[in-house]
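So the sequence shown is numbered by the numbering used here: it starts at 1317 and just counts up by one. Note that the Cβ used here is the ideal one computed from N, Cα and C, for glycine as well.
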Amino acid sequence: MEFREKKRFKTRSAAGTLAMGERVAEMLLPVPKMFVLRGDLGAGKTTLVKGIAAALGAASEEDVTSPTFTLVHEYTGKKVRLFHLDLYRLETERELLTLGLEEMSEEPDALVLVEWGEKFPSVVERADGEIVIEHAGGDERMFYVRVKA
Ligand code: ADP
Ligand code: MG
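Now the structure itself:
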């Protein structure tokens, strides 16, 4: 896979990840775009989305909650409509179709961030890139932001 842009960040706390939202958000624009967020349970995917939502003025950090059961949360900012998905509980491509991910990603102002998107090859293929999060001991996390060419 060829990437047009690659960046690596390290944070030492959840607060550090929230604060990093701004720098990451810049890399995800201009919209429309879709990114897969990869990392274990508790890696910090949802925490990063909070930081990105706040940076884009789409929602405050507290208002962003995990869409584990609802599958999709939508936050409307001035310039960006943020769709936050968690596909952990989704099992089939058919369910994915019902969810309307394709329609979301076609909205002209959409930034679609998909936790557990790597479960579905169709999502990976469609995505404009990925953010990989790795535990680096204790509260340290490494973030790899990769934007496709
Ligand atoms: P995920 O969505 O990947 O399952 P969450 O963002 O929901 O992960 O949870 C991450 C958890 O790890 C939170 O409890 C958060 O406070 C904690 N944490 C500790 N250090 C960090 C860090 N550097 N970045 C993000 N979260 C961290
Ligand atoms: Mg999560």
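*How far does the beta strand (DSSP E) with residue 1366 in it reach, from first residue to last?*
That residue, residue 1366, is in no beta strand (DSSP E); its alpha helix (DSSP H) goes 1361 to 1371.
_Taking 7 Å as the cut-off, is the beta-carbon of residue 1362 closer than that to any non-hydrogen atom of the ligand MG?_
yes
*Is DSSP giving residue 1349 helix, strand or coil here?*
strand
*Assign residue 1396 to one of three DSSP states: helix, strand, or coil.*
Looking at residue 1396 - three-state DSSP - the assignment turns out to be coil, as it is neither helix nor strand.
*Is residue 1422 helix, strand or coil when you go by DSSP?*
helix
_Considering just the uninterrupted stretch of the beta strand (DSSP E) at residue 1458, what are its terminal residues?_
1457 to 1464
_Let me make sure I understand the geometry here. Which of 1456, 1417 and 1431 has the alpha-carbon closest to that of residue 1366?_
With distances taken between Cα atoms, residue 1366 lies closest to 1431.
*Express the C-alpha separation of residue 1371 and residue 1461 in angstroms, rounding to a whole number.*
16 Å
_C-alpha gap between residue 1437 and residue 1346, whole angstroms_ = 24 Å
*Evaluate contact between the region 1321 to 1329 and the region 1402 to 1412, counting only Cβ atoms and requiring at least three cross-stretch pairs below 8 Å.*
no
*Does DSSP put residue 1379 in a helix, a strand or coil?*
helix
*Integer-rounded CB distance, given that residue 1373 should sit under 8 Å from residue 1393*: Beta-carbon to beta-carbon, residue 1393 and residue 1373 are separated by about 5 Å, close enough to satisfy the 8 Å threshold.
*May I ask whether a heavy atom of the ligand MG can be found less than 7 Å away from the beta carbon of residue 1402?*
yes
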